[in-house]
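What follows is a set of notes on a single structure, which appears directly below.
Here it is in structure tokens:
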């Protein structure tokens with residue numbers, strides 16, 4: 001999947017999240033916040049030239065981001081963690097990244 005396809009998918013996910021949040025009569029902030037954080041972290045990883053983000057899975061629970069999947073080096077893993085920590089709303093980042 002090339003970068004433009006990943007970017008379109010990321011933007012689509014943001015649009016869906018925003019429309020779902022706007023349409024809810026009752027506000028449930030935690031899942032929406034986690035979903036927003038997940039989309040932002042995923043998009044940032046995909047757009048970072050030092051991280052091959054397409055293989056990295058992002059999970060978020062109560063603002064805690066867990067990154068998992070294969071990376072090419074320890075440097076790439078550290079960069080992915082730094083990118084995730086830079087996203088607004090992230091409380092902590094846990095790594096389950098495996099250097100391949």
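In my numbering, the protein residues as written are 1 to 100.
Backbone N, C-alpha and C define an ideal beta-carbon position, used for all residues, glycine too.
Quantities reported herein were computed from a predicted structural model and do not represent experimental measurements.
By the Cβ-count criterion, residue 40 is buried, with 16 or more other Cβ atoms from all chains shown falling within 10 Å of its own Cβ. Short of 7 Å from the beta carbon of residue 85, and not among the five residues preceding or following it, lie these beta carbons of its own chain, in chain order: 93. Checking the DSSP bridge columns, you'll see residue 57 partnered with 68. Per the coordinates, the alpha-carbon of residue 69 lies some 15 Å from the alpha-carbon of residue 38. Going by beta carbons, residue 79 and residue 99 fall outside the 9 Å limit. Secondary-structure assignment with DSSP links residue 93 through a beta bridge to 65. With distances taken between CA atoms, residue 77 lies nearest to 50 out of 50, 60, 14. When secondary structure is reduced to three states using DSSP, residue 99 falls in the strand class. By the beta-carbon neighbour count (other beta carbons within 10 angstroms, threshold 16), residue 16 is exposed.
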